[in-house]
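Here is the structure we will look at, set down as structure tokens.
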Amino acid sequence: MAKIFLFGLLFWLIGNPFVALLVLMVIIYLLDRRYIGILPNLLRPFQLSRRLRRVRQELSLSPYNASLKFETARIFLVKRRYAEAMVLLDELTQVMNDSAEVWYEAGRCRLKLGDLGLGESHILHAMQLNPRVRYGEPYLRLGEAYAEVDQSKALQYLRQFQDIHSSSCEAYYRLGLVLEMMNRKEEAKQAYQEAVAIYRSLPKYKRKSERRWAWRARRKS
């Protein structure tokens, strides 16, 4: 109702329904980015591309700089250029073989390329180097990767993540999806409800990053 009223007001002020609709969409987008966080950041691809150009320029001047290579690989991962990221990460696992972060990113990249076995191996090695790397996120990514192919293993990894990070709405949402696949409907419903309950208990500064998972869980429950 509020959107209809706002559209009517904009139409009255501007006089053109198409421009009024465009302005309304911009307002909704800006409000979402500021307070809600469900819509994607439309500027991020451009920001990443600009950062990638700068890092690659620096790398051309310092081709053996492992930190720059790692940053380049992580940008490739975010941009879903997994094959390019993997070339760098394979090299970095040899140069920085004691870095849990490098092994985790290499494993995550392998998972995205469909190589679950090697991806799992890399990630578990990262957890051996540092059991609390990324606050347990590697287990969450393994649970996500195995959800479609091995629900028991996915369930195991999601539980392990929750042992480290018990206030993640995403973890409970993904747990609910896996339990649904296993036909454990009541447990799945409880997991979705727990995701919503956790979201309500979070401090305001934390809610934005978890909001989309709580919203998805609410739709399921």
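In terms of the numbering used here, the sequence shown has 170 at position 180, counting the first letter as 1, and numbering is strictly consecutive. Cβ coordinates follow ideal geometry from the N, Cα and C atoms, glycine included. Predicted, not measured: the structure shown is a model, and the values here were computed from it.
Secondary structure of residue i, DSSP reduced to three states
i: E138; result: coil
i: K143; result: helix
i: K69; result: coil
i: R43; result: helix
i: Y54; result: coil
i: M15; result: helix
i: D88; result: coil
i: D105; result: coil
Check whether residue i and residue j have beta carbons under 9 Å apart
i: S158; j: L114; result: no
i: S211; j: K179; result: yes
i: V123; j: E160; result: no
i: Y94; j: H112; result: yes
i: T83; j: A96; result: yes
i: G166; j: A181; result: yes
i: V85; j: A116; result: no
i: L106; j: L145; result: no
i: K59; j: S39; result: no
i: E184; j: F151; result: no
Nearest-angstrom Cβ-Cβ length linking residue i and residue j, presumed shorter than 8 Å
i: I18; j: W205; result: That pair is no contact at about 16 Å.
i: L119; j: D153; result: In fact, because the Cβ distance is near 18 Å, the residues do not count as touching under 8 Å.
i: A207; j: Y147; result: At roughly 19 Å, the Cβ-Cβ gap does not stay under 8 Å, so A207 and Y147 are not in contact.
i: R202; j: Y189; result: Contact flag wrong, Cβ pair sits at about 10 Å.
i: R41; j: I65; result: 6 Å
Assess contact between the segment 99 to 112 and the segment 133 to 143, defined as three or more Cβ pairs (one per stretch) separated by less than 8 Å. Is contact present? Touching, yes.
Indicate whether the contact test is met: 3 or more Cβ pairs, each with one atom in the segment 35 to 47 and one in the segment 72 to 84, closer than 8 Å. Output reads no: the segment 72 to 84 does not touch the segment 35 to 47.
Contact between the segment 30 to 38 and the segment 48 to 55 is defined here as three or more beta-carbon pairs at a separation below 8 Å; is this criterion met? Between the segment 30 to 38 and the segment 48 to 55 there are fewer than three C-beta pairs closer than 8 Å, too few to call the two in contact.
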